[in-house]
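Undergrad: Here's a structure for you.
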Amino acid sequence: MNGILVIHKPRGMTSQQVVGRIKRILGVRKVGHTGTLDPDVDGVLPICIGHATRVAEYMLDQNKTYIGEVTFGFSTDTQDASGEVLEKVEQVNLTEEQIVKGIARFVGEIEQVPPAFSAVKIGGKRAYDLARKGESVSLPPRKVTIYSLQVLEMNLQRKLPSVRFLVECSKGTYVRTLCHDLGQALGVPAHMSALTRTKSGPFSLEMAHTLEEIEQAQTEATVENLLLPLSAAVEYLPVQAISDKLERRVINGMEMHFPAKDLPLVTGSLLRIQTREGKLLAIYRVVETDGQTIRTKPEKVFKQQGRLEL
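Note that UniProt numbering gives residue 217 to position 217 of the sequence shown, counting from 1, and the numbers run on in steps of one.
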């Protein structure tokens, strides 16, 4: 069994627990996810099965979209609702204008300091392991990009005011840190109180299946109908269709040259190679270009035992 399953991860499970559940349901061993969701977060979790694990790395770099909620009034050590309260205020007075102006400050390329309770490694150890032991955790800031940040709903009359929002961001963005930092910018302690990932790369919540649906499909022997092909993971890459005559060269992992006018790519760019019928053959990388010709070498060739992995 080879392909991509888009799972709607429920709250209360780790991403690795979802992987374990899929392994048991399908009876397969080669399974991996493409971007961790915290236990308290639900939403889109693409799962790679069999040969599809070979394209997982190309899915990690893609943008993510979330619907979240920030609650003002107290902050926590985890920056979400599961942590210990660090700071609390009795009264919060925020206006819609302040919220809108505050949010606008976080659109574009920004610097974030990852939370202490995160999977970022320090000297080979996960930051959250050190934080749980009570050790001091200091992480350097890193640049992330917030492509859009829109207010969906404001509930400012509550004792603990909250704002629902839609955010599209680059890989490595911590939405709970975004909520914490928004509170800091507004002079009020804040934390992320809810989060749903609605999109990961090309995979949306509308395409996702619950674990119960996967289990039912396996029982009915229809689960393969839910699998997406490997090519679905790399459709964002520029494409070069080749003739049957050149297909053998690609399958054998040979260097390929293409006219630069058809592919305005720079050195280091990735390129997917497919047949004229649209079947994915390989991922190539541009190693040199002189403005006339681009020279490419294979990164991944999707062929095993005489059979294309499509």
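From the three backbone atoms N, C-alpha and C, an ideal C-beta is built for every residue, glycine too.
Under 7 Å, do G73 and L160 count as touching if we go by C-beta distance?
TA: The residue labelled residue 73 in the question sits at position 73 within the sequence shown. The residue labelled residue 160 in the question sits at position 160 within the sequence shown. For G73 and L160, yes; Cβs fall inside 7 Å.
Undergrad: Since G68 and A194 should fall inside the 8 Å C-beta cutoff, what is the C-beta to C-beta distance between them, to a whole number of angstroms?
TA: As a first step, residue 68 must be located in the sequence shown, where it is residue number 68. As a first step, residue 194 must be located in the sequence shown, where it is residue number 194. About 6 Å; that satisfies the 8 Å criterion.
Undergrad: Return helix, strand or coil for residue 337, following the three-state DSSP convention.
TA: As displayed, the chain neither begins before 1 nor continues past 310, which places residue 337 out of reach and without an answer.
Undergrad: Which residues share a DSSP beta bridge with Y66?
TA: Stepping through the sequence shown from its first residue, residue 66 is reached at position 66. According to DSSP, which records beta bridges pairwise, Y66 is partnered with V167, R197.
Undergrad: DSSP has Q150 in a bridge; who is on the other side?
TA: Counting from 1 along the sequence shown, the entry for residue 150 is found at position 150. Paired residue(s): L166.
Undergrad: So, for T293: in the same chain, excluding its five sequence neighbours on each side, which residues have a beta-carbon less than 8 Å away from its beta-carbon?
TA: Translated into positions along the sequence shown, residue 293 becomes position 293. Cβ neighbours of T293 beyond the five flanking positions: H257, F258, P259, A260.
Undergrad: Would you mind stating whether L37 and K64 have Cβ atoms separated by less than 7 Å?
TA: By one-based count along the sequence shown, residue 37 stands at place 37. By one-based count along the sequence shown, residue 64 stands at place 64. Against a cut-off of 7 Å, the Cβ pair of K64 and L37 comes out as no contact.
Undergrad: Considering only C-alpha positions, which residue in the set L139, Q157, L166 is nearest to L149?
TA: Counted from its first residue, the sequence shown places residue 149 at position 149. Looking at the Cα atoms, L166 is the closest of the given residues.
Undergrad: Could you spell out the range, first to last residue, of the alpha helix (DSSP H) harbouring G20?
TA: Position 20 of the sequence shown, counted from the first residue, corresponds to residue 20. Here the alpha helix (DSSP H) through G20 covers 15-26.
Undergrad: Since D42 sits in a beta bridge, which residues does DSSP pair it with?
TA: For the purposes of this step, residue 42 is taken as residue 42 along the sequence shown, with counting starting at 1. Beta-bridge pairing links D42 to T196.
Undergrad: Alpha carbons only, please: which of V188, T71, K279 is nearest the one belonging to R158?
TA: Walking along the sequence shown from the start, residue 158 turns up at place 158. Of the listed residues, the one whose Cα sits closest to R158 is T71.
Undergrad: Is it buried or exposed for A254, if we count other Cβ within 10 angstroms and need 16 for buried?
TA: Counting from 1 along the sequence shown, the entry for residue 254 is found at position 254. The sequence as given places Met at residue 254; Ala does not occur at that position. The residue in question, M254, is exposed, as its Cβ has fewer than 16 Cβ neighbours within 10 Å.
Undergrad: Is the beta carbon of A56 less than 7 Å from the beta carbon of G20?
TA: Counted from its first residue, the sequence shown places residue 56 at position 56. Counted from its first residue, the sequence shown places residue 20 at position 20. No.
Undergrad: DSSP beta-bridge partners for F302?
TA: In the sequence shown, residue 302 corresponds to position 302, counting from 1. Answer by DSSP bridge pairing: none, since F302 is not bridged.
Undergrad: Using a threshold of 7 Å, state whether the C-beta atoms of A52 and R105 are closer than that.
TA: Within the sequence shown, residue 52 is the residue found at index 52, counting from 1. Within the sequence shown, residue 105 is the residue found at index 105, counting from 1. No. Outside cutoff.
Undergrad: To the nearest angstrom, how far is the alpha carbon of V266 from that of G27?
TA: The count along the sequence shown starts at 1 and reaches residue 266 at position 266. The count along the sequence shown starts at 1 and reaches residue 27 at position 27. Approximately 43 Å, taken between the alpha carbons.
Undergrad: Can you tell me which of the three DSSP states K101 falls into?
TA: Mapped onto the sequence shown, residue 101 falls at position 101. Residue state, collapsed to three classes: helix.
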